[in-house]
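In my numbering, the protein residues as written are 2 to 350. Structure, as structure tokens:
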Amino acid sequence: MIILGYESSCDETGVALVCTERGLLAHSLHSQIAMHRDYGGVVPELASRDHIQRVLPLTRQALDEARLTLQDVDAIAYTAGPGLAGALLVGASVAQSIAWALGLPAIPVHHLEGHLLSPLLATPAPDFPFVALLVSGGHTQLMKVEGVGRYELLGETLDDAAGEAFDKSAKLLGLGYPGGPALSRLAQQGDPAAFDLPRPMLHSPDLDFSFSGLKTAVLTRLKALEGQAGGLTESQRADLAASTEAAIVDVLGGKAIKAMKRSGLKRLVVAGGVGANRLLRQRLVDDMKKLGGEVYFPPLDLCTDNGAMIAFAAAQRVRAGLVDLADRGHAFTVRPRWDLHEQAAPAEA
Ligand code: ATP
Ligand code: MG
Ligand code: FE
2 MIILGYESSC DETGVALVCT ERGLLAHSLH SQIAMHRDYG GVVPELASRD HIQRVLPLTR
62 QALDEARLTL QDVDAIAYTA GPGLAGALLV GASVAQSIAW ALGLPAIPVH HLEGHLLSPL
122 LATPAPDFPF VALLVSGGHT QLMKVEGVGR YELLGETLDD AAGEAFDKSA KLLGLGYPGG
182 PALSRLAQQG DPAAFDLPRP MLHSPDLDFS FSGLKTAVLT RLKALEGQAG GLTESQRADL
242 AASTEAAIVD VLGGKAIKAM KRSGLKRLVV AGGVGANRLL RQRLVDDMKK LGGEVYFPPL
302 DLCTDNGAMI AFAAAQRVRA GLVDLADRGH AFTVRPRWDL HEQAAPAEA
């Protein structure tokens with residue numbers, strides 16, 4: 002069965018074709034990063050308009066790459082939430098319209114389930130069960146994953162997400178949007194031990210996180226350095242970037258390993274944009290080796306938002322019998338706020 006999938010929850014338009022038996026066939030992607038850069042963040046109205054312009058050319062591109070036509074498609078998947086309402090509506094209405102026109106089922110997908118299952122697109126893919134560390138621009142969660150649709154929340158951030166911590170610190174350091182990759186690049190020239198930044202909640206007994214205090218600590222150090230004679234030097238800026246990255250990675254790594262020990266599981270899966278971070282990857286590889294376990298990541302280009310993970314999550318739900326393929330009603334809604342564990346219920350609309 003061939004599924005055409007759409008992602009448009011934020012600032013990436015993604016389209017993909019996935020076969021339930023053969024896996025990913027093709028995917029096309031357009032990032033709006035350059036368009037939003039001047040504003041220092043995503044402008045929702047511009048995002049929606051750009052999705053509208055990109056979605057059909059990207060559909061054509063994905064079909065061509067897979068050497069398929071719309072007539073070969075058996076179902077249409079789309080991100081139904083969480084995300085920006087206007088942006089979500091573009092993908093949802095395009096997907097539902099195509100499904101209606103072709104008489105196909107439409108499959109709403111939870112964006113985080115897309116991220117969560119994306120490591121299964123890599124080789125080797127992890128078997129269930131595993132612990133997932135979901136680290137994206139809007140979420141930081143540890144989850145126990147027993148199977149498709151069987152997700153237990155172990156802990157999550159009480160305030161900022163890890164990606165947000167990267168982005169906000171990067172902004173303070175005068176780096177562009179989105180700041181995560183830029184901060185990480187600058188950090189390579191700095192000393193991670195130069196500044197003793199806090200590791201919020203690292204030793205708390207739970208599996209929750211808190212990152213909002215970290216950006217305040219970065220701001221305080223920055224102000225002090227800028228106030229000194231001669232101002233902030235380039236090497237101090239790199240040191241502060243490296244120290245920030247080290248603090249975030251320490252907390253993520255520490256809590257992930259605590260979750261592994263508590264669950265008794267041996268497989269850790271990392272998903273979401275921050276999963277592209279080199280230091281985090283290295284740290285988790287080393288720590289899981291010490292624990293006698295294994296860590297799995299999505300392919301590097303599928304860490305941040307993309308259509309492949311949405312079509313793939315839909316395919317996994319179909320295979321698990323969680324989708325009513327006979328349902329051809331095309332009334333739909335999007336859910337800008339939506340908890341993944343709500344979605345975990347076996348019967349889905
Ligand atoms: P959500 O999925 O929670 O709705 P999102 O879709 O915006 O949020 P993603 O696309 O998964 O999030 O990830 C984007 C985030 O990942 C940004 O905060 C970005 O800075 C961060 N990021 C990407 N690459 C890196 C990197 N190499 N190091 C650190 N952070 C990174
Ligand atoms: Mg994005
Ligand atoms: Fe995302």
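Cβ coordinates follow ideal geometry from the N, Cα and C atoms, glycine included.
The C-alpha of Asp73 lies about 10 Å from the C-alpha of Leu64.
The beta carbon of Ala242 sits closer than 7 Å to those of Leu174, Leu184, Leu187, Ala188 and Gly191, all from its chain and outside the five residues before and after it, given in chain order. Between Ser170 and Thr234, the CB-CB gap reaches or exceeds 8 Å.
The distance from the Cβ of Arg284 to that of Val252 is about 11 Å, inconsistent with a contact at the 8 Å cut-off.
The beta carbon of Lys172 is closer than 8 Å to those of Gly41, Tyr178 and Gly180 in its chain, skipping five residues each way along the sequence. For Lys256, the enclosing alpha helix (DSSP H) begins and ends at Glu235 to Ser264. Ligand 3 has a heavy atom closer than 7 Å to the beta-carbon of Asp306.
If you draw a straight line from the Cα of Thr217 to the Cα of Leu159, it comes to about 16 Å. Around the beta carbon of Ser10, a 10 Å sphere encloses 16 or more other beta carbons of the protein chains shown; the residue is thus reported as buried. Looking at the backbone, the Cα of Leu155 and that of Arg68 are separated by about 42 Å.
With contacts defined by Cβ atoms closer than 8 Å, Phe212 and Ala166 form a contacting pair.
Under the 10 Å beta carbon count, Asp12 is surrounded by 16 or more other beta carbons and is classified as buried. Rounded to the nearest whole angstrom, the CA to CA distance from Arg329 to Ile77 is 11 Å. Here Leu71 has Leu5, Leu64, Ile99 and Leu103 as same chain residues with Cβ atoms under 8 Å from its own Cβ, once five neighbours each way along the sequence are excluded.
Considered as a whole, the region 67-141 harbours 76-82, 107-111 and 131-136 as its complete beta strand (DSSP E) runs of no fewer than 3 residues, in chain order. When DSSP states are grouped into helix, strand and coil, His52 belongs to the helix group. Arg151: member of the beta strand (DSSP E) spanning Arg151 to Glu157, first to last residue. The beta carbon of Leu176 is closer than 7 Å to those of Ala183, Leu184 and Leu187 in its chain, skipping five residues each way along the sequence.
Proximity of the beta carbon of His116 to ligand 3 is indicated: a heavy atom of the ligand is located closer than 7 Å.
Counting along the chain, no beta strand (DSSP E) covers Leu215; the unbroken alpha helix (DSSP H) around it starts and ends at Ser213 to Gly228.
With respect to the C-alpha of Pro337, the residue from Pro83, Arg23, Met36 and Ala272 having the closest C-alpha is Pro83. Put simply, the backbone Cα of Phe131 is about 11 Å away from that of Ala260. Not one heavy atom of ligand 2 falls within 7 Å of the beta-carbon of Gly228. In the displayed model, Phe313 falls within a helix according to three-state DSSP. When DSSP states are grouped into helix, strand and coil, Glu46 belongs to the helix group.
Within the same chain, Cβ atoms closer than 7 Å to the Cβ of Gly274 are found at Ser137, Gly138, Gly164, Gly181, Cys304 and Thr305, the five residues on either side in sequence being excluded.
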